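Numbering (my numbering), first residue to last: 201 to 791.
Quick reminder that beta carbons are idealized off the backbone N, C-alpha and C, glycines included.
Note that the coordinates shown come from a computational prediction; the quantities given were computed from them, not determined experimentally.
To start, the structure itself, in structure tokens.
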């Protein structure tokens, strides 16, 4: 059975009072009995002294006269009746001469009684408490030596302890009665105090229940000034602070929701257990009725790219991105997922449908124009070369300029067409595992003769045997573009190094030259279309400005990354990283 606070306080108070009553009864009664016994001992000693003065002296241990003993017996009986005591007289040898309550001749020798030993042997007052062998009644004994010549006898007075017990019982009854009265009053007061404390505690518990149920306006009314009142005041302050904090939180959340709902981008929040935590109105529009609060993410969003990015951020606590075409048919979204403290992640969807369409139109336009220009440019080159064979000296310079520019335009259209095909994915990659040393060997074989003719050193430095997953033809094209640039823009008669080495993300390929270097302000834009550091030199060398852009897009299609490092006067290093085969898909999605 569960006891309430009132019952516990009442029982505790009752137990304390009863223990105190028992302790008081034991201590007071024992103290009174000891005091009463000591007082009785003193009284008996005084009476024994007075009685000794009225008795005749007794010396020696000789037989006594029967008449004398009879007179002594009568005297003791008279004195005993007057004093309400038992009186015994013994000689020096301990033989009982007379006793007020028994026949002396039937009594045994008392020389070894403790009280008589003290009186007969030391002449001092002797006391003892024991049960009488003669009367079988407990007595308090006090013995004094008789006056007269030595050796003398002794007189003993005794008092039955039954009287002490009767008095002790009476005193105990009085103490018990007083204790019961005090207990009754104390229990009534304890019950009242317990009821008051229990009532105040019930009000505090009711306050706590209301706060737990969400009623932060609850308050405890307690006008007292004790500890419970201070507790109630502290709880009221806590509830007030909580109410203010929750009000501010609700206002902040309302402003935050209004801000997110005003955004044109769909926003989705996901909890650590991969359930939908919150979404704005734009997200609800594109996801439809399948999106519900506290519903599992896989039941609300059925796009594997979105769920993959969210799962990746939940596991790694790092920003992830994805591209979605399934979340809303006919629309394309770029998704960025970021962690939010330790409470989950938030995904922001940016629609790129119009950008994708524009890019497709641009790619198609570039591809179509490039394709359409190839035929007339080929015709121009052919007719120009035919005219050059029989042209007079004054026209050859003009025809050579026409041929040179037609040839450059043909290269430009070829590069534009190649770039458009790479970006659109029209030219599908044929992946296979390739050895870095074989890739470098193929490039070395292709440019070895060119390097020899230019008087350059051409070195291969392969420091890894880790295979890569790639399209060998496309990677050959990438490396060819980089080596051609090194030959074009590097200082004459300087070396070019091809290399491959292990990288934290896979295998790093690089082409290093010893040219003049590139100013740092140009490095971030080198891989843009048609960007040139020295436009006049690029045109003289026949460059189109698209080679590095083609390099970048082919590497990105492989899930890798490109980089350039350069220092003026010391040359440049162009490098790209191809991921390990097991990490390829993740990197492709990320880019």
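The shortest C-alpha to C-alpha distance from residue 747 to any of 495, 674 and 500 is the one to 674.
For the pair residue 284 and residue 326, the Cα-to-Cα distance works out to about 20 angstroms.
Taking the C-beta atoms as reference points, residue 346 is found nearer than 8 angstroms to residue 255. With 16 or more other CB atoms across the displayed protein chains lying within 10 angstroms of its CB, residue 759 is buried. Rounded to whole angstroms, the separation of the alpha carbons of residue 373 and residue 304 is 40 angstroms. The residues 340, in chain order, have a CB closer than 6 angstroms to that of residue 329 in the same chain once the five nearest residues on each side in sequence are set aside. Counting the other CB atoms within 10 Å of its CB gives residue 771 a total of 16 or more, which places it among the buried residues. Residue 371 and residue 222 have their C-alpha atoms roughly 14 angstroms apart. Per DSSP, the unbroken alpha helix (DSSP H) holding residue 677 starts and ends at 672-689.
By the Cβ neighbour-count rule, residue 768 is exposed, with fewer than 16 other Cβ atoms within 10 Å of its own. Taking the C-beta atoms as reference points, residue 311 is found no nearer than 8 angstroms to residue 273. Under the three-state reduction of DSSP, residue 666 is assigned to coil, being neither helix nor strand.
Each of 477, 505, 482 and 484 was checked against the Cα of residue 493, and the nearest Cα belongs to 477.
Residues 520 of the same chain have their beta carbon placed closer than 7 angstroms to that of residue 512, with the five preceding and five following residues left out of the count. Take the alpha-carbon of residue 287 and the one of residue 358: they are about 7 angstroms apart. Taking the Cα positions, residue 404 is about 21 angstroms away from residue 390. In the three-state reduction of the DSSP assignment, residue 713 falls in the strand class, which pools E and B.
In this structure, residue 659 keeps its C-beta atom at 8 angstroms or more from the C-beta atom of residue 690. For the set 781, 548, 463 and 252, the Cα lying nearest the Cα of residue 509 is the one of 548.
Note on the region 419-481: whole beta strand (DSSP E) runs with a minimum of 3 residues are 467-470 and 476-479, in chain order. The bridge partners DSSP lists for residue 576 come to none. Per DSSP, the continuous alpha helix (DSSP H) segment holding residue 516 begins and ends at 504-516. The C-alpha of residue 396 is placed about 56 angstroms away from the C-alpha of residue 337. Rounded to the nearest angstrom, the gap between the Cα atoms of residue 378 and residue 344 is 41 angstroms. The alpha-carbon separation between residue 219 and residue 314 amounts to approximately 40 angstroms.
Note that the C-beta distance between residue 686 and residue 668 is not below 8 angstroms.
For residue 630, there is no enclosing alpha helix (DSSP H), as DSSP gives it neither H nor E. Residue environment analysis places residue 630 among the exposed positions, since fewer than 16 neighbouring C-beta atoms fall within 10 angstroms of its C-beta. Checking the DSSP bridge columns, you'll see residue 546 partnered with 469 and 538. In summary, residue 540 is exposed, with fewer than 16 beta-carbon neighbours lying within 10 Å of its beta-carbon over all protein chains present.
For residue 723, the enclosing alpha helix (DSSP H) has its first and last residue at 720-723. Of the residues assessed, residue 776 falls on the buried side of the cut-off, its CB having 16 or more other CB atoms within 10 angstroms. Contact between residue 355 and residue 289 holds, with the beta-carbon distance rounding to 5 angstroms and staying under 8 angstroms. Exclusion of the five residues before and after residue 781 leaves 669 as the residues of its chain whose Cβ lies within less than 6 angstroms of its Cβ. Shown here, residue 496 sits in a strand according to DSSP, grouped into three states. Linking residue 246 to residue 331 through their CA atoms gives a straight-line distance of about 22 angstroms.
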